[in-house]
Amino acid sequence: MKDYYELSRKCPSGSFSYTIKAGDTLWQLARTYNTTVDAILAINPGINPNNLQVGQKICIPKDSKPPRRCPAGSFEYTIKQGDTLWQLARTYNTTVEAIMALNPGIDP
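Under this note's numbering, the first residue of the sequence shown carries the number 1282, and numbering increases by one thereafter.
If you want it as structure tokens, here you go:
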């Protein structure tokens, strides 16, 4: 049974409701919607970022900054299960350090 807080809650102005899907993480949602994990946590008191549940409703702050673009000479890559930074660096002829420098905040 959903708790009363989740059922009675409305997202604050400047945000929208989002339903968690399999595989979602706050980091991925923050990146997708051009916000931060801290901003998501601030408007969702009590959620556990390490235990998101499929079907759980959370609020996401609306985009407050321009979409993040990859710098010239780089491209966007979607991580697949089993990927490692070492393997990606080798595949794309770069270094783990270079990948990490372009992606601050990732947890290798």
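Note that CB positions come from ideal geometry on N, CA and C, so glycine has one too.
Computed from a predicted model, the values in this text were never measured in an experiment.
### Query
Quick one: what does DSSP say T1300 is sitting in, helix, strand or coil?
Taking the first residue of the sequence shown as position 1, residue 1300 is located at position 19. Strand at T1300.
### Query
According to the neighbour-count rule (16 or more other Cβ atoms, all chains shown, within 10 Å of its Cβ), is A1311 buried or exposed?
Residue numbering aside, residue 1311 sits at position 30 when the sequence shown is read from its first letter. When all chains shown are included, A1311 counts as buried.
#### Entry: Sequence-distant residues of its chain with Cβ nearer than 8 Å to N1325 (five each side left out)
Stepping through the sequence shown from its first residue, residue 1325 is reached at position 44. Answer for N1325: I1339, C1340, listed in chain order.
### Query
For P1389 versus L1366, is the C-beta spacing smaller than 7 Å?
Stepping through the sequence shown from its first residue, residue 1389 is reached at position 108. Stepping through the sequence shown from its first residue, residue 1366 is reached at position 85. Against a cut-off of 7 Å, the Cβ pair of L1366 and P1389 comes out as a contact.
### Where I1321 falls: helix, strand or coil (DSSP)
For the purposes of this step, residue 1321 is identified with residue 40 of the sequence shown, where counting begins at 1. Helix at I1321.
### Residue closest to Y1329, alpha-carbon to alpha-carbon, out of S1294, W1308, T1372, N1374
Taking the sequence shown and counting its residues from 1, one reaches residue 1329 at position 48. The question names Tyr, yet the displayed sequence has Asn at residue 1329. Checking every option, the nearest Cα to that of N1329 belongs to W1308.
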